[in-house]
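*Asks:* 344 is the number that numbering that gives the first Met the number 0 gives to position 345 of the sequence shown; each next residue is one higher, with no gaps.
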Amino acid sequence: MKYLLPLLFCLTVMPASAEQSSISIAAKSFLLTDFHTGQVLASQNAHERVEPASLTKLMTAYVVFTALKQERITLNQVVPVSEQAWRMIGSRMFIEPNKPVTIDELIRGMIVQSGNDACIALAEVIAGSEEIFANMMNKEAARLGMKNTHFTNTTGLPDPNHYSTAYDLTVLATAIITDFPEFYPLYSIKEFAYNDITQSNRNRLLWLDPHVDGMKTGWTKAAGYCLVTSAMRDKRRLVSVVMGAESAKIRSMESQRLLNYGFQFYDTLHLYKENEILTDIQLWKGAENTLKAGFNRDVYFTLPKGQADQLKATMEYKQPLIAPITMGQEVGAVKFTLNGRTIETYPLVALEDVPAANIFGRAWDDLKLWFN
């Protein structure tokens, strides 16, 4: 059976006009997405393999956060500094052998100061070596669906077999925010001091835009200037990735333009909460005559401003629906269309358990179904 519902939500909506459909960004590749829906708002060469530079440290952090969550390490744990970590080239937090440093300090040095030495020390305490740790990074990348990514080190130093894409880095940034909300605020720290040396976060948008609360910069000669940024305005979060800009100033400016574009031309709405009742469906041969149904997730949608009244939703479910029904069981679907085009279809699930009726109730419903 089909029922036309009031306007609800959708996941993927095409831009309303050519004006909104594209934005020119001075970078080799870029991607702008809505955090809650995953909808792509703007992109260029998003699946092209590029050198990720220090954006690599997002995955280094992801593996470290996982180890903390699994209680394999602790924040106040003191870490020995190896010769390899101490002599690491590139950006550093300046750890030293025989000078105590904790996991917490190393994480802050990696995130805020982009310390290559901190990455090596963390890799060694968790995996024993950077090589084994890099294998862990690749396993996590595969699990997250980062199909065009491969890591050979923890720092992002150049290597022919070390690569990623703007799309994959968006997946990774989104996973950090989703999976580790307790650690994500570290990416908004503007400066960190260790060994009597204070260094500032290279993400200049933390100073320029109060809505920006992360995430990571990167640079090598081959990669150019790169930046993953996340910002929250009015309960909306966007994630932008800019790869291969010509200067630190340009990567900041273009990231800001991307974010402004997304916030200006699109709206993200939270229409239904997980387990919120959408409808009561007639139920046969059950201890109850109706079944409460809805969605087993929070429901968001992103659409161009001014397009809400063009959305339509249709609920479909089979009849007769026969008990017993278990909570979470799929009992129908909700299809969403924009201007007559199907945008997305979501399962409609039971929000409660309903056992079968007794023998008399089932017999009575059998009789009613026979006459119907």
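The C-beta atom is built at its ideal place from N, Cα and C for all residues, glycine as well.
1) DSSP puts L310 in a beta bridge; with which residues?
2) Going by beta-carbon coordinates alone, are W363 and I321 separated by less than 8 Å?
3) For S251 versus S239, is the C-beta spacing smaller than 8 Å?
4) Sort out for me which residues DSSP pairs Q255 with in a bridge.
5) Less than 8 Å between the CB atoms is what I'm expecting for T169 and V49, so what's the real figure, rounded?
6) Measure the alpha-carbon distance for H210 versus Y316 and round it to whole angstroms.
7) For I280, which residues from the same chain have a beta carbon less than 7 Å from its beta carbon, with the 5 sequence-adjacent residues on both sides left out?
8) Three-state secondary structure (DSSP) at S20?
9) Measure from the C-beta of E287 to each C-beta in chain C and report whether the shortest distance is under 8 Å.
10) Below 8 Å, can you find three or more Cβ-Cβ pairs linking the segment 193 to 200 to the segment 30 to 44?
11) Mind pulling the beta strand (DSSP E) runs of 3 or more residues that sit fully within the segment 254 to 309?
12) My assumption, with CB atoms under 8 Å, is that R107 sits in contact with F191. Please give the rounded CB distance.
13) May I ask you to report which of helix, strand or coil DSSP gives E104?
14) Go ahead and pull the three-state DSSP assignment for F370.
15) Let me check understanding here. Comparing Cα to Cα, which of L205, E95, E287 and V62 lies closest to D352?
16) Are L237 and G213 close, meaning C-beta to C-beta below 8 Å?
17) Given this structure, state the Cα-to-Cα distance separating I276 from V39, to the nearest angstrom.
18) So, at 8 Å on beta carbons, what are the nonlocal neighbours of A355 in its own chain, with the 5 sequence-adjacent residues on each side left out?
19) With DSSP as the reference, please indicate the residues paired to E190 in a beta bridge.
20) For I175, name the three-state secondary structure that DSSP assigns.
21) Provide the residue(s) that pair with D33 in DSSP beta bridges, ordered along the chain.
22) Can you confirm whether the segment 65 to 83 touches the segment 118 to 131 when touching is taken to mean that 3 or more C-beta pairs between the two stretches lie within less than 8 Å?
23) Taking the alpha carbon of T73 as the point to measure from, which residue in L54, T101, S81 and T55 has its own alpha carbon closest?
24) Would A349 and Q328 qualify as a contact pair, given that the criterion is a beta-carbon distance under 8 Å?
*Replies:* On the basis of the supplied data:
1) L337
2) no
3) no
4) Q255 is not bridged to any residue.
5) In fact, because the Cβ distance is near 13 Å, the residues do not count as touching under 8 Å.
6) 43 Å
7) T289, L290, A292, Y316, L320 and V330
8) Any answer about S20 is weak, because its pLDDT of 43 lies below 50 and its placement is not dependable; what the coordinates show is given next. Here S20 sits in helix by DSSP.
9) Reference to chain C is not applicable here, since this structure consists of a single protein chain.
10) no
11) 265 to 271, 276 to 281, 289 to 293 and 298 to 303
12) 5 Å
13) helix
14) helix
15) E287
16) no
17) 29 Å
18) K284, G285, A286, A322, P323 and R361
19) S199
20) helix
21) L237
22) yes
23) T101
24) yes
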